[in-house]
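Written below as structure tokens is the structure these notes are about.
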Amino acid sequence: MGKAVFFDIDDTLYDTSGFAKLARKAALSAMIDAGLPLSNEEAYSLLRSVIKEKGSNYNKHFNVLTQRVFGEENPYLIALGMITYHNVKFALLRLFPDTMSTLIHVKKQGYHLGVISNGLVIKQWEKLIRLDLHHFFDAVVTSEEAGCEKPEPEIFNLALRRMGCRADKSLMIGNKFSEDILGALNVGMSAILVNSRLTTEEEDYLRMKNLKIDVASNIGLIQEIL
Ligand SMILES: [Mg+2]
Numbered sequence: 020m021g022k023a024v025f026f027d028i029d030d031t032l033y034d035t036s037g038f039a040k041l042a043r044k045a046a047l048s049a050m051i052d053a054g055l056p057l058s059n060e061e062a063y064s065l066l067r068s069v070i071k072e073k074g075s076n077y078n079k080h081f082n083v084l085t086q087r088v089f090g091e092e093n094p095y096l097i098a099l100g101m102i103t104y105h106n107v108k109f110a111l112l113r114l115f116p117d118t119m120s121t122l123i124h125v126k127k128q129g130y131h132l133g134v135i136s137n138g139l140v141i142k143q144w145e146k147l148i149r150l151d152l153h154h155f156f157d158a159v160v161t162s163e164e165a166g167c168e169k170p171e172p173e174i175f176n177l178a179l180r181r182m183g184c185r186a187d188k189s190l191m192i193g194n195k196f197s198e199d200i201l202g203a204l205n206v207g208m209s210a211i212l213v214n215s216r217l218t219t220e221e222e223d224y225l226r227m228k229n230l231k232i233d234v235a236s237n238i239g240l241i242q243e244i245l
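Mind the numbering: the sequence shown is residues 20 to 245 in the working numbering, read in order.
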């Protein structure tokens, strides 16, 4: 049985901040130019309420938005919005500067690399492929396939089974303490919190449970830990 390092995707391998917002605004602006009878502010606030209501992984936000505005869906505006959204989003999709060198470093240390991500399977593969990272990973496990999200133990155990690795020889790297770190520790894996820092409550919790994790304020610093 080999040793494995599992990575989260969003805000661990690449920076999501601002990019969805810019893509949404660009999409709405194209729809407004093509006849959506709202101001930029009205359109953005309506879209935000639709996203809040349906969740960010729902894939028909623009259908609902045009339905609300016109009383029926407007296929032309929906398609225009979706295409603009995707074009802008993928134009802005960039790795953190040290992601690639870190993955190469970890692989050279003899680890198998995998992904454990809360998200839709095709959407997450699409990001890995567009970021040119897909060749690094032996297993990619999403919550959609696992039927549950991090921090549920099942998703971590599914990833370990697929990789053929033991929990006590494996490590999870992610930016969310409550999902990535606690989930990994609960199944007996080690963990590194990346692009984030521990709050006082989280530090207290770890001390109380006698648990220890590493923290890397950016992904490049993992090369000093592993
Ligand atoms: Mg994340």
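Where a beta carbon is used, it is the ideal one built from N, C-alpha and C, also for glycine.
- The alpha-carbon separation between Ala-49 and Asn-106 amounts to approximately 12 angstroms.
- Going by beta carbons, Ala-42 and Tyr-130 fall outside the 9 angstroms limit.
- Comparing C-alpha distances from Gln-128 to each of Asp-29, Ala-62, Ser-236 and Gly-21 shows the shortest one belongs to Gly-21.
- Annotation: Gly-100 is outside any beta strand (DSSP E); the continuous alpha helix (DSSP H) that includes it extends over 94 to 111.
- Asp-223 carries a helical assignment under DSSP once its states are collapsed to helix, strand and coil.
- Within the segment 151 to 235, the complete beta strand (DSSP E) runs of at least 3 residues fall at 158 to 161, 190 to 193, 209 to 213 and 233 to 235.
- DSSP places Phe-115 in the coil class of the three-state scheme, outside both helix and strand.
- Going by DSSP, Ile-51 is part of no beta strand (DSSP E) but of the alpha helix (DSSP H) stretching over 38 to 52.
- Looking at the backbone, the Cα of Ser-197 and that of Lys-228 are separated by about 15 angstroms.
- In the three-state reduction of the DSSP assignment, Gly-239 falls in the helix class.
- In the structure shown, the three-state DSSP call for Leu-132 is strand.
- DSSP, reduced to helix, strand and coil, places Tyr-33 within a strand of the structure shown.
- For Ala-62, DSSP assigns no beta-bridge partner whatsoever.
- In this structure, the C-beta of Asp-199 approaches ligand 1 to less than 8 angstroms from one of its heavy atoms.
- Near ligand 1, residues with a Cβ at less than 6 angstroms from any of the ligand's heavy atoms are Asp-27, Asp-29, Asp-30, Thr-31, Gly-193, Asn-194 and Lys-195; the list follows chain order.
- Residue environment for Pro-170: buried (at least 16 other C-beta atoms within 10 angstroms of its C-beta).
- One Cα belongs to Val-134, the other to Leu-217, and the distance between them is close to 22 angstroms.
- Of Ser-136, Ala-39, Ile-123 and Cys-167, the smallest CA-CA separation from Asp-151 is found for Ile-123.
- Put simply, the backbone Cα of Leu-112 is about 18 angstroms away from that of Ser-120.
- By DSSP's assignment, Gly-21 forms a beta bridge with Cys-184.
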